[in-house]
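In what follows, a single structure is set out as structure tokens and then discussed.
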Amino acid sequence: MELTPDDTVFFTVFGFAINATILFTWIVMAILTGASILITRNLRPDVPPNRWRTVLETIVLTIQGQIDEISARPDRRLLYFAGTLFLFIVTSNLLMIVPGWRSPTGSLSTTAALALAVLVAVPLFGVGSRGIGAYLHSYIEPNVIMLPFNIIGEFSRGLSLAIRLYGNVMSGAVIAAILLGVAPFFFPVVMDMLGLLTGVIQAYIFAILATVYISSATAVPDSVSAKELT
Amino acid sequence: MSIDWITVAAQLVNFLVLVWLLKRFLYRPILDGIDAREARISERMAQAEQVRKTAEAAGAECRAETERLKAARDEALQQARAEAAAERDALLMETRERLRHEREASEVERAEEARRYTDRLHRHGAAALVSLTRKALDDLSGETLEERIVARALSRLPGMAGDLKAAAGDSRDAVVTTREPLPDELCAQIDRAIDGALPGTKVRYVIDETQSPGLSLRLGGAQLGWTVEGYVDGLQAILDDAAGQRRQTDAR
Numbered sequence: 004m005e006l007t008p009d010d011t012v013f014f015t016v017f018g019f020a021i022n023a024t025i026l027f028t029w030i031v032m033a034i035l036t037g038a039s040i041l042i043t044r045n046l047r048p049d050v051p052p053n054r055w056r057t058v059l060e061t062i063v064l065t066i067q068g069q070i071d072e073i074s075a076r077p078d079r080r081l082l083y084f085a086g087t088l089f090l091f092i093v094t095s096n097l098l099m100i101v102p103g104w105r106s107p108t109g110s111l112s113t114t115a116a117l118a119l120a121v122l123v124a125v126p127l128f129g130v131g132s133r134g135i136g137a138y139l140h141s142y143i144e145p146n147v148i149m150l151p152f153n154i155i156g157e158f159s160r161g162l163s164l165a166i167r168l169y170g171n172v173m174s175g176a177v178i179a180a181i182l183l184g185v186a187p188f189f190f191p192v193v194m195d196m197l198g199l200l201t202g203v204i205q206a207y208i209f210a211i212l213a214t215v216y217i218s219s220a221t222a223v224p225d226s227v228s229a230k231e232l233t
Numbered sequence: 056m057s058i059d060w061i062t063v064a065a066q067l068v069n070f071l072v073l074v075w076l077l078k079r080f081l082y083r084p085i086l087d088g089i090d091a092r093e094a095r096i097s098e099r100m101a102q103a104e105q106v107r108k109t110a111e112a113a114g115a116e117c118r119a120e121t122e123r124l125k126a127a128r129d130e131a132l133q134q135a136r137a138e139a140a141a142e143r144d145a146l147l148m149e150t151r152e153r154l155r156h157e158r159e160a161s162e163v164e165r166a167e168e169a170r171r172y173t174d175r176l177h178r179h180g181a182a183a184l185v186s187l188t189r190k191a192l193d194d195l196s197g198e199t200l201e202e203r204i205v206a207r208a209l210s211r212l213p214g215m216a217g218d219l220k221a222a223a224g225d226s227r228d229a230v231v232t233t234r235e236p237l238p239d240e241l242c243a244q245i246d247r248a249i250d251g252a253l254p255g256t257k258v259r260y261v262i263d264e265t266q267s268p269g270l271s272l273r274l275g276g277a278q279l280g281w282t283v284e285g286y287v288d289g290l291q292a293i294l295d296d297a298a299g300q301r302r303q304t305d306a307r
């Protein structure tokens, strides 16, 4: 039994193996992009939104609302980043209901890549918001002794993001596969439904945590805010 | 559990590409559409606010116009009432004046009617009195009224001669006035009596149909009369007194 879709190689392009993780990621990308293009292709201000456009607006505005509740400085770039994280993960997880689907988030490579993206995005957003000096200064707060702990904490956050998502998705898929062999009719359905719920929750947690990390990096400390106000 | 770093790199690139794709085809169109719709809604709200303000201004103007019309109506009503009151007073005054004129005319007419009635009564009374006297004289003594009047006047004339001379002065023209022509015999008696009492006096006879039956003698500024005028006046007084008592009885 293969625990990760990385091991399933479909074909090779210029010596580069296209495994199930990459292929199904492309499928998710195609679905998301294609649906977005289809729904928003005839978008005009004078045309009332149809049902699908309303669904998309609701999704986007809900994500934006969540980010606004968390972040002290709402930024559209944060919406692009965190929203894409959520949509990619939730789509990958929800498509597990399709027979034969290998969720890319069931691959530690994918979750590591997403965690790496968050790990890189946090300093980028922090430097972009507060400046490089202020951002680097946050690593020696409250004093310089905390520097290694802050660095370790930064990496451990990314690691926990990757492991949490991978473990939940992979375990759900493995449990469903095992139950399918033991009791083919009832339990796999229940577990798949539970897997859908878990997938949505994990996507939400991953995106929210990424937003929290980035928001904490972009947040101005209280002492600095007080100085700016005075 | 292993990590394929090539796959990690590929997934990282895939994720970044997906971020770009969704930004290009999902977030921007949706957010731009929402922004455009909100801008349009804001514009419509601003227009609605403008329309509301315009409507409120129109409403205020309408209310002011209504108040003005109401005030004009009240003023016109008050003016009409004042004019009606003035017209009523004028009509009442005119009616009272007309009634007063009519009452005065009626009183004049009534007075004239009373006067004419009195004259008729006077004439009829005199005629009746004279007729009764004539008839009584004729039936009882076979004499006429004129004869008795002339006889009575001539019997009184000598006693009054002194007074007549003093009143006549130098005048020696005597005028005897009767209602009807006197018989020649009576004229001769009068001539003799006057000549006896007032020698040298010429007598002239005048007929006056408006005079009461009887005889009137005028000599210069003096005048003597023996007519039934006074009796008729007495009869009139009696009748007026009787009529007054009758009216008092009717009034009670």
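For the protein sequence lines, the chains are A and B, in the order given. Position one of the first sequence corresponds to residue 4 (the working numbering), numbered consecutively onward. Position one of the second sequence corresponds to residue 56 (the working numbering), numbered consecutively onward. Virtual Cβ for every residue (Gly too), placed ideally from N, Cα, C.
Contacts around residue i, its chain only, beta-carbon distance under 6 Å, and the 5 residues preceding and following it disregarded
i: A:A23; result: P8, T11, R105
i: A:R56; result: I42
i: B:S271; result: T232, G280
i: A:Q205; result: L168, N171
i: B:Y260; result: V231
i: A:A210; result: A85, L88, F89
i: B:T62; result: none
Test: residue i CB closer than 9 Å to a CB of chain D
i: B:A103; result: Looking at the structure shown, chain D is missing, and the protein chains on hand are A and B.
As assigned by DSSP and simplified to three states, the class of residue i
i: B:L212; result: coil
i: B:A252; result: helix
i: A:A213; result: helix
i: A:F13; result: strand
i: A:V63; result: helix
i: A:L46; result: coil
i: A:V185; result: helix
i: B:A221; result: helix
i: A:G103; result: coil
i: A:Q69; result: helix
Length of the line joining the Cα atoms of residue i and residue j
i: A:F172; j: A:G156; result: First, the amino acid is wrong: residue 172 of chain A is Val here, not Phe. Near 24 Å, if we compare the C-alpha coordinates of A:G156 and A:V172.
i: B:S186; j: B:V231; result: 22 Å
i: A:S228; j: A:L139; result: The predicted position of A:S228 is uncertain, since its pLDDT is 47 and thus under 50; a value taken from the coordinates is nonetheless stated next. So the alpha carbons of these two residues sit roughly 17 Å apart.
i: B:D263; j: B:D218; result: 25 Å
i: A:A180; j: A:I25; result: 21 Å
i: B:E93; j: B:L86; result: 10 Å
i: B:A306; j: B:L146; result: 35 Å
i: B:E98; j: A:V63; result: 24 Å
i: A:A124; j: A:R79; result: 14 Å
i: A:L81; j: A:V16; result: 34 Å
i: A:P145; j: A:I135; result: 18 Å
i: B:V72; j: A:S141; result: 31 Å
i: A:A33; j: A:F188; result: 32 Å
i: B:R136; j: B:V163; result: 39 Å
i: A:Y216; j: A:F91; result: 19 Å
i: B:A169; j: B:G269; result: 27 Å
i: A:F14; j: A:I21; result: 5 Å
i: B:R83; j: A:T108; result: 26 Å
i: B:L77; j: A:L35; result: 8 Å
i: B:L274; j: B:D174; result: 29 Å
i: A:P126; j: B:F70; result: 18 Å
i: A:G103; j: B:I96; result: 47 Å
i: B:S196; j: B:E159; result: 53 Å
i: B:E122; j: B:D144; result: 32 Å
Opening and closing residue of the beta strand (DSSP E) in which residue i lies
i: A:N22; result: 19-22
i: B:S271; result: 269-274
i: B:T233; result: 228-233
i: B:I262; result: 257-262
Residue interval of the alpha helix (DSSP H) (run including residue i)
i: B:D288; result: 284-306
i: B:D129; result: 83-196
i: A:I135; result: 135-140
i: B:L77; result: 60-77
i: A:S95; result: 79-97
Close beta carbons around residue i, own chain, < 7 Å, minus the five adjacent residues each side
i: A:S218; result: I73, S74, A75
i: B:L290; result: G180, L184
i: A:N153; result: Y142
Same chain, Cβ closer than 8 Å to residue i, neighbours up to 5 away in sequence not counted
i: B:R207; result: W281
i: B:L176; result: Q291, L294
**Asked** Do the stretch 68-83 of chain A and the stretch 105-120 of chain B meet, that is, are 3 or more Cβ pairs less than 8 Å apart?
**Response** At 8 Å Cβ cutoff, the stretches do not touch.
**Message:** Count Cβ pairs between the stretch 36-49 of chain A and the stretch 129-137 of chain A that sit closer than 8 Å; are there 3 or more?
**Reply:** As far as the Cβ criterion goes, the stretch 36-49 of chain A does not touch the stretch 129-137 of chain A, which means the pair count is below three.
**Asked** Are the stretch 191-210 of chain A and the stretch 148-163 of chain A in contact at 8 Å, needing three or more beta carbon pairs?
**Response** With contact defined as three or more Cβ pairs closer than 8 Å, the stretch 191-210 of chain A and the stretch 148-163 of chain A are not in contact.
**Prompt:** Is there contact between the stretch 278-288 of chain B and the stretch 240-258 of chain B, where contact requires at least three CB pairs shorter than 8 Å?
**Reply:** Result no; under three Cβ-Cβ pairs closer than 8 Å.
**Item:** Cβ contact (3+ pairs, closer than 8 Å) linking the stretch 144-151 of chain A and the stretch 93-108 of chain A
**Value:** No, the stretch 144-151 of chain A does not touch the stretch 93-108 of chain A.
**Request:** May I ask you to verify whether the stretch 61-68 of chain B touches the stretch 103-117 of chain A, counting CB pairs closer than 8 Å and requiring at least 3?
**Result:** Judged by Cβ distances under 8 Å, the stretch 61-68 of chain B makes contact with the stretch 103-117 of chain A, as three or more pairs qualify.
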